[in-house]
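Residue numbers (the UniProt record's numbering): 1 to 414. Worksheet: one structure, shown below.
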Amino acid sequence: MAEPDLYSILNVTKNASASEIKKAYYKLAKEFHPDKNPEAGDKFKEISFAYEVLSNPEKKDIYDRHGLQGLKDGLGGGGSSSDLFEELFGGLFGGGGHGPFGRGFGFGGPRKPQRGEDMVHPLRVSLEDLYNGKTAKLQLSKKLICPKCQGQGGKAGAMQSCRTCGGRGIKVTMRQLGPGMVQQMQSVCPECRGEGEVINEKDRCKGCKGKKVIPESKILEVHVDKGMRDGQKIPFRGEGDQMPGVEPGDVIIILQQKENDVFQRRGNDLFMTHTIGITEALCGFQFMLKHLDGRELVVTSEPGKVIEPGSVKCIMEEGMPTYRNPFQKGNLHVKFDITFPPNKFADEKQLKQLEALLPARVDVKLPTGENVMEVDLMDYEPNQHGSHDRREAYDEDDDEDHMGAGPRVQCAHQ
Ligand SMILES: [Zn+2]
Ligand SMILES: [Zn+2]
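This is how it looks when you write it as structure tokens:
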């Protein structure tokens, strides 16, 4: 079986010139850069390593003559190259490494991920929490390396290479398809469940029953800072499941903001709707607004300032605090809905008095003649109850006379 070939990793031949190697590297590095291709895993590291060796005449010479083993010996202890070498190719030479070629090339133990998966947890928070900041305690269950056996699964030496798969964690089955044609099929070894190692029942650690890890429930203190947003991620480095020989992944908390009854948020600005009466809209008003931190704002609109229906006014710096700069705040926008008085709220005399105060009517010239007809305005509310059944919508007042068939429009006689 062949060991990984640095030339094929870069897609070049053994006679490739330095500039061809460089070209090939730039092309692949672009394609497999983790920013662009996060699924490619270690591919980028392999490419970088292959280039590091083949672009260095001294290293290239060692590799050409002695292969990877020669490089490994040559690199010696320490240094970034040797660390990268261990990370990438350690599995090739046994000794518990987890190189990416461990399985594919049939060397060493089974392939294990180098870093565990991240665990994502949502955290529901209120807009008040995001305004004021808070510390939330989140309980989560994770796997911990068994403290009794330090993740060995048993006493030293109890762990044995699996005989069924020869320690590779995979079972290879050959199937003769025809003369000279063999299909090779790989599956996870049923004996060791892909671990490559087995342990006798009597030698198993009592703490973890030979599983190397134990379940643990842990409480994380999540600091929700002022100004954080819906969807913002709070990472806890290395708090994911532990596994022997694997760097644990992160726990990532994702904030989910609950709807607020009063405020909507857009960026650092807050939006709300406030309903006032016609008198307030025309004559000025004050109202009390309870803010997200419990302060009570008295909002004043001076007499004489007319508020139109649907108009939006702004209260400066009463929006959300800025993340990491909480003394700087967005603005609060208030949209005004205006309620009008009910029908017949005043008698004729009062209406005259009121009209005297209001702006003069628009003078309308009424036409005369045969073609002119006077008609009345009736109330018409097609979707009174949000119902799609027209009949139901108009059947509210039983004392009303509905005229004949056809769409029964309720007309109020006032
Ligand atoms: Zn096995
Ligand atoms: Zn144990």
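All residues carry an ideal CB built from backbone N, CA and C; glycine is no exception.
Heavy atom of ligand 2 within 7 Å of residue i beta-carbon
i, result
"residue 207", "yes"
"residue 153", "yes"
Buried versus exposed call for residue i [16 or more other C-beta atoms within 10 Å across all chains shown]
i, result
"residue 97", "At residue 97 the pLDDT is 35, less than 50, meaning the model places this residue with poor confidence; the figure from the coordinates comes in the next sentence. By the neighbour-count rule (16 or more Cβ atoms within 10 Å), residue 97 is buried."
"residue 314", "exposed"
"residue 21", "buried"
"residue 333", "buried"
"residue 243", "buried"
"residue 329", "buried"
"residue 159", "buried"
Same chain, Cβ closer than 6 Å to residue i, five either side skipped, listed in chain order
i, result
"residue 283", "303"
"residue 51", "25"
Beta-carbon proximity of residue i to residue j, cut-off 8 Å
i, j, result
"residue 213", "residue 144", "yes"
"residue 226", "residue 131", "yes"
"residue 44", "residue 29", "yes"
"residue 256", "residue 123", "yes"
"residue 126", "residue 233", "no"
"residue 319", "residue 268", "yes"
"residue 197", "residue 165", "no"
"residue 153", "residue 161", "no"
"residue 183", "residue 177", "yes"
Closer than 7 Å: residue i CB and nearest ligand 1 heavy atom
i, result
"residue 238", "no"
"residue 70", "no"
"residue 429", "This structure gives no information on residue 429, because the portion of the chain shown stretches from 1 to 414."
Cβ-based neighbour list, residue i, same chain, cut-off 7 Å, excluding 5 preceding and 5 following
i, result
"residue 63", "6, 53, 70 and 71"
"residue 228", "130, 255 and 323"
"residue 59", "53 and 71"
"residue 235", "250 and 252"
Same chain only: Cβ atoms within 8 Å of residue i, ignoring 5 sequence neighbours per side
i, result
"residue 207", "146, 147, 148, 149 and 214"
"residue 121", "138, 140, 251, 252, 253 and 254"
"residue 241", "116, 117, 119, 142, 143, 213, 248 and 249"
"residue 216", "141, 142, 143 and 144"
"residue 264", "270, 271 and 272"
"residue 135", "221, 222, 223 and 224"
"residue 405", "The pLDDT assigned to residue 405 is 45, lower than 50, so where the model puts this residue is not dependable; a value taken from the coordinates is nonetheless given after this. Nothing listed; no residue qualifies."
"residue 305", "284"
Contiguous alpha helix (DSSP H) assignments of at least 4 residues, all confined to the stretch 139-218: None, since the stretch 139-218 contains no complete alpha helix (DSSP H) of that length.
Contained alpha helix (DSSP H) runs [length at least 4] in the stretch 7-50, N- to C-terminal order: Correct list: 18-32.
Ordered list of beta strand (DSSP E) runs contained in the stretch 276-351, each at least 3 residues: Runs of beta strand (DSSP E) with 3 or more residues, each lying fully within the stretch 276-351, are found at 285-290, 296-301, 312-315, 325-329 and 332-339, listed in chain order.
Contiguous beta strand (DSSP E) assignments of at least 3 residues, all confined to the stretch 217-256: Those beta strand (DSSP E) runs which fall completely within the stretch 217-256 and span 3+ residues are 233-236.
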